[in-house]
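For the record, the sequence lines run as chains A and B. Under the numbering used here, residues 4 to 703 are what the first sequence spells out, in order. Under the numbering used here, residues 85 to 325 are what the second sequence spells out, in order. We treat Cβ as the ideally placed atom computed from N, Cα and C, and that holds for glycine. On a predicted model such as this, the values are computed, not experimentally measured, just so you know. To keep things clear, I will list the structure first and then write my remarks on it.
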Amino acid sequence: RVPRQVKTIITKETKPHIQELSIKTTIISRYAFTAVYCSLLNRYPAASEGVFQFQIPANAYISNFTMIIGGRVYQSEVKPKEKRVKQERGKSGTKEPGDASPEPEVEVFRMAAKIPGRNRAVFLLTYEELLQRRLGRYEHVTSLRPMQLVSRLSLDVTIVDHSPITDLEVLPLRNGKSNAAANTATAPKPPNIPAKPELPITTVIKNEKNVCKITFSPNIIQQAKITTSGILGDFVIRYDVQRDMGIGDIQVLNGHFVHYFAPKDLPAVPKNVVFVIDTSASMLGTKIRQTKDALFTILRDLRPGDNFNFISFSNKIKVWQPNRLVPVTPLNIRDAKKFIYMLAPTGGTNIDGAIRTGSSLLRDYLLGPDSSPNSVSLIIFLTDGRPTVGEIQSVAILGNTRSAVQEKFCIFTIGIGNDVDYRLLERMALENCGMMRRINEEADASAMLKGFYNEIGTPLLSDIRINYTENSVQYVTQNLFTNYFNGSEIVVAGKLTNESAESLHVQVTASNNDKSIILETDVPLRNRQIDTEKHVKLATSAMATGVRALGTDATQKLGVALGSVAEDFVERVWGFLSIKEGLRSRLRSQTSKDREGHTQQATNLSMTYHFLTPLTNIAVEKPEVLTDGTMAPAPTITPGAGEATSPANDLPGDTDDREPQTPDRDLNSQALSQSNTIGKVVRRPTKKFITFSKTSADGD
Amino acid sequence: PHFVVEFPLSKLTVCFNINGEPGHILGLVSDHKYSGVTVNGKLIGAPAPPGSHKQQRTYFSTITIVVDKPQRAYIEVTPKKVILDGRDRIVLPCHSTVSVDCGALSVAIVGNSNVTVTVGGNISFVILLHQYKNPAPYQRDHLGFYIGNNKGLSHNCHGLLGQFLYEEVGLAELPAQGDTKPSLVLKVKNRSVPVVQKSRRIYSGTQSVDCWFARNNAAKLIDGEYKDYLMSHMFDTGDWP
Chain A
4 RVPRQVKTII TKETKPHIQE LSIKTTIISR YAFTAVYCSL LNRYPAASEG
54 VFQFQIPANA YISNFTMIIG GRVYQSEVKP KEKRVKQERG KSGTKEPGDA
104 SPEPEVEVFR MAAKIPGRNR AVFLLTYEEL LQRRLGRYEH VTSLRPMQLV
154 SRLSLDVTIV DHSPITDLEV LPLRNGKSNA AANTATAPKP PNIPAKPELP
204 ITTVIKNEKN VCKITFSPNI IQQAKITTSG ILGDFVIRYD VQRDMGIGDI
254 QVLNGHFVHY FAPKDLPAVP KNVVFVIDTS ASMLGTKIRQ TKDALFTILR
304 DLRPGDNFNF ISFSNKIKVW QPNRLVPVTP LNIRDAKKFI YMLAPTGGTN
354 IDGAIRTGSS LLRDYLLGPD SSPNSVSLII FLTDGRPTVG EIQSVAILGN
404 TRSAVQEKFC IFTIGIGNDV DYRLLERMAL ENCGMMRRIN EEADASAMLK
454 GFYNEIGTPL LSDIRINYTE NSVQYVTQNL FTNYFNGSEI VVAGKLTNES
504 AESLHVQVTA SNNDKSIILE TDVPLRNRQI DTEKHVKLAT SAMATGVRAL
554 GTDATQKLGV ALGSVAEDFV ERVWGFLSIK EGLRSRLRSQ TSKDREGHTQ
604 QATNLSMTYH FLTPLTNIAV EKPEVLTDGT MAPAPTITPG AGEATSPAND
654 LPGDTDDREP QTPDRDLNSQ ALSQSNTIGK VVRRPTKKFI TFSKTSADGD
Chain B
85 PHFVVEFPLS KLTVCFNING EPGHILGLVS DHKYSGVTVN GKLIGAPAPP
135 GSHKQQRTYF STITIVVDKP QRAYIEVTPK KVILDGRDRI VLPCHSTVSV
185 DCGALSVAIV GNSNVTVTVG GNISFVILLH QYKNPAPYQR DHLGFYIGNN
235 KGLSHNCHGL LGQFLYEEVG LAELPAQGDT KPSLVLKVKN RSVPVVQKSR
285 RIYSGTQSVD CWFARNNAAK LIDGEYKDYL MSHMFDTGDW P
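Take a look at the structure:
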């Protein structure tokens, strides 16, 4: 029985309604392939516009979009974006249009198409994402917002990993704005907040050692109990994989390799941290209150070996402890709390002055006798607006910052709200081996800020270098990193120059406190390829099992969509990472020639892997519907005839997404991406047997 | 465990067995007051293989090293992992090839093979990892302890192995008495120890060494007796008030 209210809602609907929405995700070794199948039915004789809208994680790239309307297939094409035409604004030195625009919170894919009368339209969308490890977990988010009740709604997520899967969590449906943005800070798990009631019978979890399957398929009544608006929220899965203090997980497939490095059981490295906090007038109210709350909590989490200081800035810049950093002691913590308590928002925003003051403070401290050579130094910079006082030109601010930092420490930036120049903050972080996070206007800034601090509050390794046998690899993504933080993961991918080589020697060197650490291994390439193939087979068969339950049409299409890309997932990881790296390098470029080079590289990669990125557009032919509601006959294709295309559904903004690991400062003067130059590795035999004195006590 | 002591200056090798009890902790190298180094080994038991004259065998399941200079550090080695405790703790899995260098102290693991601990550049110990993929009932994962470089250990060094590092030994023949054949004795530390010739396999069986074997838990060969080398806990350096 369908409740009367639900029946009424359905009969009132005149637009095409969603008959089926099936989402299938397979995550193979943290690389998530998602295929969305949506069928809309126009039950009326007249043609009507059907809208397919789907929210995808900001870190993901769309890899395909297809429409099937009236029996015809409309396949999308990815094309490079045209160069932006410069608009003349009169004043020189003004920012390019769009530079100051706010970063998109989420990426929403929307396609509207006319559906002929009494006909169906099927929309098939695929996207890919390399899950990032934050706070010790990988998080996969699927947006379930069909905007209406759906007769057949299902979500299947299959996780397959080389290492055993641990700590799998399916969170209650998460609602609220913008939960899927890549640069959004993550709140730590709130301890005593009761979970939103879940519908247990609709979420099924099957958990084996290396394979987990999660299914969520609420029927229409169950959906209505959650909400009748069709905005169910985000379905969030979190998990981790088993790891140890080894060289990590290296997978090899069809001439490519990917290396996941996230060692554990390491002691924390002491840190020197300067907090630079915006106290301009716009921070008044909730923002400053939540910021203070977070800072009080952060103070409690500082460790005895850490040193710290606070700077607040508006028009004026106030330094809590002039000319030094202070150690973490109960007295200093108490005094710091007083300083934070007394922060009072007023005035403008002098970002340039604040960063230069903080940098000078930290730089002088590091030159002094009190600083430990084995500590990690960072600035945590928080603002809710654009520069309005002092130097306000981004280029100048960035230049001043680089000169002040002198590659001696890293800057982590946090923006709160919609008025922030996120491009400036992102560049500031990227150019200074840091990360940027965005806290949305309506979000709980206290939790987000605390979450971001947790991501970087426990450095475990510094000066990490990952090297592979010379001349055995090429096009390796970034392999030098300034810091490795507890709860994160470093991912490196590349191509093998000789697939038939017997092994690949891998060496990781890093520092932890006063210790230098070297990890080495020889990866037997053939065996590893066989291992990785096994996991791909496991994933594809797990995919097939889930998909069979959906029904013939969805089965076929989702299966085809996912199966083919999964077989080359290591190469796609490499492509994905290389594009991200290219976009980062592009953002960091100092010259237009440099920028153009990175743009071209990243565009070529986007085209190769058919990714919709900030450098490409996706174009799809629009179906033509006649006045009687039927489809127009298929056009005769003549060479050179232009095709009618719908407006390019390009993603807003021209931005870079956050990266899974802290980028290194430019240790070389050239960009690190796409480099063919790999650090030399002296091969050491792994089974070296040392003989010397016979004096010993050994087994019988 | 089978103990082997090489006397390079004397050009001979002595060996003895220690038949301890599972759970006993033996003092292998004790030089806490001088170089600051102490090495202990903990025993586990296993049934003897069929056909053996013994009831049980004992092996080293854990080797611990305490280093006092320049800073106090504790190293615990088992067939599965190495725990290095200094100002902070690092746990290293024995299946990985990894090295950690803290200046005067370094630990290097060759995955699934051996662990080398180097102190101050002139003291080094190598611990072999004996791991069984499909162990028989009488087989246990265990460790072998080898002294690599003892130049930094003092002449006052003691312990089941340490006491011999700077000693010189000689062989002497006792004349036959009555019907008994002439016998050989080892002259060490002003003592005469009856010995017989044997051979031992070391370095995971890759090398065979001929040695003069002292019976009966090394009676008269070692200073005192077996129970004098039992330590009260893994990191006992023997400094009791």
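Asked                                                                                                                                                     : Found
Please list the terminal residues of the continuous beta strand (DSSP E) segment that includes Asn421 (chain A).                                          : No beta strand (DSSP E) contains Asn421 (chain A), which DSSP labels as neither H nor E.
Measure the alpha-carbon distance for Val88 (chain B) versus Ser283 (chain B) and round it to whole angstroms.                                            : 10 Å
Got a sec? Which residues, its chain only, sit under 7 Å from Pro154 (chain B) by beta carbon, not counting five neighbours each side?                    : Ala188
Give the interface partners of Val490 (chain A) over in chain B, defined as CB-CB distance under 7 Å, in chain order.                                     : Residue 490 (chain A) is actually Gly in this sequence, not Val. Within 7 Å Cβ-Cβ: nothing; Gly490 (chain A) doesn't reach chain B, min ~17 Å.
Helix or strand or just coil, what does DSSP make of Thr606 (chain A)?                                                                                    : helix
Cα-Cα, which of A:Lys18, A:Trp577, A:Arg575 and A:Ser66 is closest to Arg46 (chain A)?                                                                    : A:Lys18
Short check: CB of Asp169 (chain B) to CB of His116 (chain B), under 8 Å?                                                                                 : no
Return yes when the Cβ of Phe313 (chain A) is within less than 8 Å of the Cβ of Leu305 (chain A), no when it is not.                                      : no
Under the three-state reduction of DSSP, which class applies to Thr639 (chain A): helix, strand or coil?                                                  : Residue placement at Thr639 (chain A) is flagged as unreliable, the pLDDT there being 46, under the threshold of 50; the coordinate-derived value follows with that caveat. DSSP places Thr639 (chain A) in coil when its eight states are reduced to three.
Quick check: is the beta carbon of Gly249 (chain A) nearer than 8 Å to any beta carbon in chain B?                                                        : yes
Which residues bound the alpha helix (DSSP H) around Asp296 (chain A)?                                                                                    : Thr289 to Asp304
Give me the residue from A:Val392, A:Thr386 and A:Gly454 with the minimum Cα distance to Glu429 (chain A).                                                : A:Thr386
I need the boundaries of the alpha helix (DSSP H) containing Arg430 (chain A), first residue and last residue.                                            : Tyr425 to Glu434
So what does DSSP say about Tyr310 (chain B), is it helix, strand or coil?                                                                                : helix
Using CA coordinates, which residue listed in B:Ala132, B:Asp294, B:Tyr313 and B:Thr148 is at the minimum distance from Ala220 (chain B)?                 : B:Ala132
Anything in chain B within Cβ reach of Asp517 (chain A), meaning under 7 Å, just list it in chain order.                                                  : Cys186 and Gly187
For Leu528 (chain A), which of helix, strand or coil comes out of DSSP?                                                                                   : helix
So if DSSP puts Arg33 (chain A) in a beta bridge, which residue, or which two residues, is it bridged to?                                                 : Beta-bridge pairing links Arg33 (chain A) to no other residue.
Could you work out which residues of chain A lie near Ile286 (chain B), taking near to mean beta carbons separated by less than 9 Å?                      : Lys697, Ser699 and Asp701
Report yes or no: is there a C-beta of chain B within less than 8 Å of the C-beta of Ile336 (chain A)?                                                    : no
Just by C-beta distance, which residues in the stretch 521-548 of chain A are closer than 9 Å to chain B?                                                 : Ile521, Leu522, Glu523, Thr524 and Asp525
Using a Cβ-Cβ distance under 8 Å, would Leu3 (chain A) count as near chain B?                                                                             : In this structure chain A extends from 4 to 703, so residue 3 (chain A) is not present and cannot be described.
List the residues of chain A that Pro69 (chain B) touches, going by C-beta distances under 8 Å, in chain order.                                           : Beyond the ends of chain B as shown, which are 85 and 325, falls residue 69 (chain B); an answer cannot be given.
Taking DSSP as the reference, what is the three-state secondary structure of Trp323 (chain A)?                                                            : coil
Going by DSSP, what residue range makes up the beta strand (DSSP E) through Gln78 (chain A)?                                                              : Arg75 to Gln78
Between the stretch 109-123 of chain B and the stretch 306-319 of chain B, do at least 3 Cβ pairs fall closer than 8 Å?                                   : yes
Could you run through the stretch 262-282 of chain A and flag, in chain order, every residue whose CB is less than 8 Å away from some CB of chain B?      : Asp268, Leu269, Pro270 and Ala271
Can you check whether the CB of Asp525 (chain A) is closer than 8 Å to the CB of His508 (chain A)?                                                        : yes
For Gln510 (chain A), which option in B:Val182, B:Lys217 and B:Gly120 has the closest C-alpha, if you only look at C-alpha atoms?                         : B:Val182
Between His239 (chain B) and the rest of its own chain, which residues show a CB-CB distance below 6 Å, the 5 nearest in sequence each way excluded?      : Tyr250
For Gly228 (chain B), decide whether its Cβ has a neighbour in chain A, counting only Cβ atoms nearer than 8 Å.                                           : yes
My understanding is that Asn377 (chain A) touches Ser514 (chain A), with C-beta atoms under 8 Å, so please give their C-beta distance in whole angstroms. : 7 Å
Which whole-angstrom value is the C-beta distance of Asp243 (chain A) and Asp170 (chain A), which I expect to be below 8 Å?                               : 5 Å
Using DSSP with H/G/I as helix, E/B as strand and the rest coil, what is Arg136 (chain A)?                                                                : strand
Residues of chain A with CB under 7 Å from Pro177 (chain B), in chain order?                                                                              : Asp247, Met248 and Gly249
Run through the stretch 214-272 of chain B for me and flag every whole beta strand (DSSP E) of 3 or more residues, listed as ranges in chain order.       : 226-233, 254-258 and 267-272
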